[in-house]
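Peer 1: Supplied in C-alpha cells, the structure appears directly below.
There are 2 protein chains.
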Amino acid sequence: MAQVRPMRADARRNYERLLRVAVEAFAEHGEGASLDDIAKRAGVGSGTLYRHFPTRHALLEAAYLDRIEALAARADALAAELPPGEALLEWLHELGTGMIRMRGLRALLGPAVTEGGSAAATACGDCVRNAAGRLVRAAQEEGTLRPDVEPMDVLRLAHGVATASELADGQGRHIRRYLALLTEGLRPRDADAGS
Amino acid sequence: MAQVRPMRADARRNYERLLRVAVEAFAEHGEGASLDDIAKRAGVGSGTLYRHFPTRHALLEAAYLDRIEALAARADALAAELPPGEALLEWLHELGTGMIRMRGLRALLGPAVTEGGSAAATACGDCVRNAAGRLVRAAQEEGTLRPDVEPMDVLRLAHGVATASELADGQGRHIRRYLALLTEGLRPRDADAGS
DNA sequence: ACCTGAACACCGTTCAAGT
DNA sequence: ACCTGAACACCGTTCAAGT
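Chains as they are written, first to last, in full-length UniProt numbering: chain A, 1 to 195; chain B, 1 to 195.
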C-alpha cells in the first residue's frame with residue numbers, strides 16, 4: 001500500500017526502455033533472448049538490467065504484466081456476453097493464441113500452474129488462476145464442464161493444447177480444433193460403433 | 001543396404017562412449033546438456049563429438065534410437081493383448097511417461113510431428129508415426145476413436161498431455177488422468193445439467 | 001582416417017570504479 | 001542512488017596440427 005519510493009529520473013527512463021526493448025526481443029527470439037543484447041539495444045550497461053530485473057523471470061513478468069492483466073479482464077468480458085461454457089472455451093482460445101504469439105508468455109505462465117508453486121506465487125500467476133477459477137466454476141454450475149476438474153487442470157491442459165498446436169505448424173492454426181477435441185473427447189459421443 | 005564402411009577401432013570406441021555418456025547427460029540436464037561436458041566426460045576432444053554427431057539433434061537421435069524402437073515394438077505388443085482403444089490409450093501413456101522420464105525424448109520427438117516435416121523426416125520420426133498410425137486406425141475401426149483425427153493429431157496431443165502433466169508436478173503423476181480427460185472430454189457425457 | 005585442443009565468438013553474471 | 005563496463009566463467013563450433 002505504501003507508495004514505493006519514486007525512482008530517480010534516469011533510473012525510470014532506463015527501466016522503461018529496458019521493458020520496451022525486452023518485449024520486442026522476447027517476441028523475436030523467444031524466452032531465451034540474449035539479456036546482454038537487450039541491455040545493449042536499450043543503451044544501458046548490463047549491470048543496469050540486472051539491477052532492475054535480477055532474474056530473467058522478473059524481466060519476463062514485468063514485460064508481459066499488462067498483457068496478462070488484459071487477459072484476466074477479458075475473462076470477465078467474455079463471461080458477461082456468452083454462456084459460461086462458451087466463455088471458458090473462448091477464453092482458453094485467446095490464452096492459447098497469446099501463448100503462441102507472444103512466446104515469452106508460455107515460459108512465464110508455466111511456473112504459475114505447477115503444484116507447489118511456492119516460489120511461483122507471483123502476482124501474474126494469481127491473476128490468471130483467479131480468472132480461470134471464475135470461468136471454471138461458472139461452467140461447472142451450468143453443467144457444461146465436468147465437476148471433477150480444477151482451474152489448474154484446465155490451465156495446464158490449455159498449455160498442452162498450445163504446445164500441441166505449435167508443434168503442428170509453428171503457429172496456432174490447429175488450436176481451435178484441438179480445444180474442441182479436448183472439450184468433446186477423442187472417444188465418439190454416440191456409440192454407433194461397427195461398420 | 002550396402003554395409004557402411006566399418007569404423008576404425010578407436011573411432012568406434014569413442015562413438016560408443018559418447019553415446020553412453022550422452023544418455024546420462026540428457027537424463028540429468030535435459031536436452032540442453034553441455035556438449036562440451038559430454039565430450040570431456042567421454043574422454044574425447046570436442047572435435048570428435050562434432051565429427052560423429054554434427055548437430056545436437058543427431059546426438060539426441062542416436063542416443064534415444066533404441067528406446068524409440070522399443071516404443072514402436074511396444075505398440076504392436078499392446079495391440080496384440082488389448083482391445084484397440086485400450087491399446088492406444090496405454091501406448092500413449094507409455095509414450096508420455098517416456099517423454100517425461102527421458103527428457104531428451106520430447107525434444108527429439110517434437111520435430112517428428114510438425115506439418116511440413118521436410119527437414120524432420122527422420123528415421124525415428126517415421127518409426128513413431130507408423131506405430132501411432134496402426135493403433136489409431138485400429139481404434140477407429142473399432143469405433144472407440146473419432147474418425148476425424150489423424151495419427152499426427154494424436155501424437156501432438158500426447159505431447160501436450162505430457163507437457164501439461166510435467167507442468168503439474170515436474171513428474172508424470174497426472175498423465176493418466178489427463179489422458180482420460182482428453183479421451184472422455186471436458187464436457188460431461190450425460191447431459192444432466194442443472195442443480 | 002581420425003583425434004586433439006587451442007582459438008574464436010557469444011552469453012550470463014558480478015562488482016569495483018565512477019557520477 | 002544509480003550507472004558503466006571490464007572481468008570472469010561457461011558454452012558451442014571450427015580447424016590447424018598431429019598420429
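We put the beta carbon where it would ideally sit given N, CA and C, even for glycine.
Could you list which residues in chain A have their beta carbon closer than 8 Å to that of Tyr64 of chain B, in chain order?
Peer 2: For the purposes of this step, residue 64 of chain B is identified with residue 64 of the second sequence, where counting begins at 1. Under the 8 Å cutoff, chain A gives no residues; its nearest Cβ is about 18 Å from Tyr64 of chain B.
Peer 1: What did DSSP end up calling Ala43 of chain A once you bin it into helix, strand or coil?
Peer 2: Along the first sequence, one-based indexing puts residue 43 of chain A at 43. Contrary to the premise, residue 43 of chain A reads as Gly rather than Ala in this sequence. DSSP places Gly43 of chain A in coil when its eight states are reduced to three.
Peer 1: Do the region 133-149 of chain B and the region 80-97 of chain B touch if we need at least three Cβ pairs shorter than 8 Å?
Peer 2: yes
Peer 1: How long is the line joining the alpha carbons of Glu93 of chain B and Thr97 of chain A, rounded to whole angstroms?
Peer 2: Residue mapping note: residue 93 of chain B aligns to position 93 of the second sequence, counting from 1. Residue mapping note: residue 97 of chain A aligns to position 97 of the first sequence, counting from 1. Reading the sequence as shown, one finds His at residue 93 of chain B and not Glu. For His93 of chain B and Thr97 of chain A, the distance between alpha carbons rounds to 27 Å.
Peer 1: Take every Cβ of the region 144-164 of chain A, pair it with every Cβ of the region 95-114 of chain A, and state whether three or more of those distances are shorter than 8 Å.
Peer 2: Contact between the region 144-164 of chain A and the region 95-114 of chain A is present, because at least three Cβ pairs lie under 8 Å.
Peer 1: From Glu60 of chain B to Ala72 of chain A, what distance separates their C-alpha atoms?
Peer 2: Taking the second sequence and counting its residues from 1, the one referred to as residue 60 of chain B is at position 60. Taking the first sequence and counting its residues from 1, the one referred to as residue 72 of chain A is at position 72. The residue you asked about is not Glu; residue 60 of chain B is Leu in the sequence shown. So the two alpha carbons sit approximately 39 Å from each other.
Peer 1: Among A:Leu65, A:Asp169, A:Ile175, which residue has its Cα nearest to the Cα of Leu105 of chain A?
Peer 2: The residue you call residue 105 of chain A lines up with position 105 of the first sequence. Checking every option, the nearest Cα to that of Leu105 of chain A belongs to A:Leu65.
Peer 1: I want to verify the contact list: residues of chain A whose CB lies under 9 Å from the CB of Leu78 of chain B, in sequence order.
Peer 2: Position 78 of the second sequence holds residue 78 of chain B. Near Leu78 of chain B there are no residues of chain A at all, since even the closest Cβ is about 17 Å away, more than 9 Å.
Peer 1: Could you give the residue range of the alpha helix (DSSP H) that holds Glu113 of chain B?
Peer 2: In the second sequence, counting from the first residue as 1, residue 113 of chain B sits at position 113. Residue identity differs from the one stated: residue 113 of chain B is Val in this sequence, not Glu. Taken as a continuous stretch (DSSP letters only), Val113 of chain B belongs to no alpha helix (DSSP H), as it is neither H nor E.
Peer 1: Since Phe26 of chain A is in the alpha helix (DSSP H), which residue starts that stretch and which ends it?
Peer 2: For the purposes of this step, residue 26 of chain A is taken as residue 26 along the first sequence, with counting starting at 1. Segment 9-29, the alpha helix (DSSP H) holding Phe26 of chain A.
Peer 1: Taking the alpha helix (DSSP H) that His57 of chain A belongs to, which residues open and close that run?
Peer 2: Numbered from 1 along the first sequence, position 57 holds the residue referred to as residue 57 of chain A. Taken as a continuous stretch (DSSP letters only), the alpha helix (DSSP H) holding His57 of chain A covers 56-81.
Peer 1: What does a CB cutoff of less than 6 Å around Tyr178 of chain A pick up in its chain, not counting 5 residues either side in sequence?
Peer 2: One-based indexing of the first sequence puts residue 178 of chain A at position 178. Around Tyr178 of chain A: Val161, Ala164, Ser165.
Peer 1: Need the endpoints of the alpha helix (DSSP H) that Pro151 of chain B sits in, please.
Peer 2: In the second sequence, counting from the first residue as 1, residue 151 of chain B sits at position 151. Segment 151-169, the alpha helix (DSSP H) holding Pro151 of chain B.
Peer 1: Please decide whether Gly194 of chain A counts as near chain B, where near means a Cβ-Cβ distance under 8 Å.
Peer 2: The count along the first sequence starts at 1 and reaches residue 194 of chain A at position 194. Because the pLDDT of Gly194 of chain A is 43, which lies under 50, any placement of that residue in the model is unreliable, and the question is left without a value.
Peer 1: Would Pro151 of chain B and Gly133 of chain B qualify as a contact pair, given that the criterion is a beta-carbon distance under 8 Å?
Peer 2: By 1-based counting over the second sequence, the position of residue 151 of chain B is 151. By 1-based counting over the second sequence, the position of residue 133 of chain B is 133. Contact flag set, yes.
Peer 1: Does DSSP put Gly185 of chain B in a helix, a strand or coil?
Peer 2: Stepping through the second sequence from its first residue, residue 185 of chain B is reached at position 185. Reduced to three states, the DSSP call for Gly185 of chain B is coil.
Peer 1: If you compare alpha carbons, which of A:Cys124, A:Asp169, A:Pro6, A:Ala9 is closest to Ala70 of chain A?
Peer 2: Here residue 70 of chain A corresponds to residue number 70 of the first sequence, with the count starting at 1. Nearest of A:Cys124, A:Asp169, A:Pro6, A:Ala9 to Ala70 of chain A, Cα basis: A:Cys124.
Peer 1: Taking DSSP as the reference, what is the three-state secondary structure of Leu105 of chain B?
Peer 2: Against the second sequence, residue 105 of chain B aligns to sequence position 105. Reduced to three states, the DSSP call for Leu105 of chain B is helix.
Peer 1: Apart from the five residues on each side of it in sequence, which residues of its chain come closer than 6 Å, Cβ to Cβ, to Leu88 of chain A?
Peer 2: Within the first sequence, the letter at position 88 stands for residue 88 of chain A. If we look at Leu88 of chain A and ignore the five residues flanking it on each side, its Cβ neighbours are Leu135, Ala139.
Peer 1: Could you tell me whether the Cβ of Val149 of chain A comes closer than 8 Å to any Cβ of chain B?
Peer 2: By 1-based counting over the first sequence, the position of residue 149 of chain A is 149. For Val149 of chain A, the answer is yes, since a Cβ of chain B falls inside 8 Å of its Cβ.
Peer 1: Are the beta-carbon atoms belonging to Thr114 of chain B and Gly170 of chain A less than 8 Å from one another?
Peer 2: Within the second sequence, the letter at position 114 stands for residue 114 of chain B. Within the first sequence, the letter at position 170 stands for residue 170 of chain A. With contacts defined as CB atoms closer than 8 Å, Thr114 of chain B and Gly170 of chain A qualify as a contacting pair.
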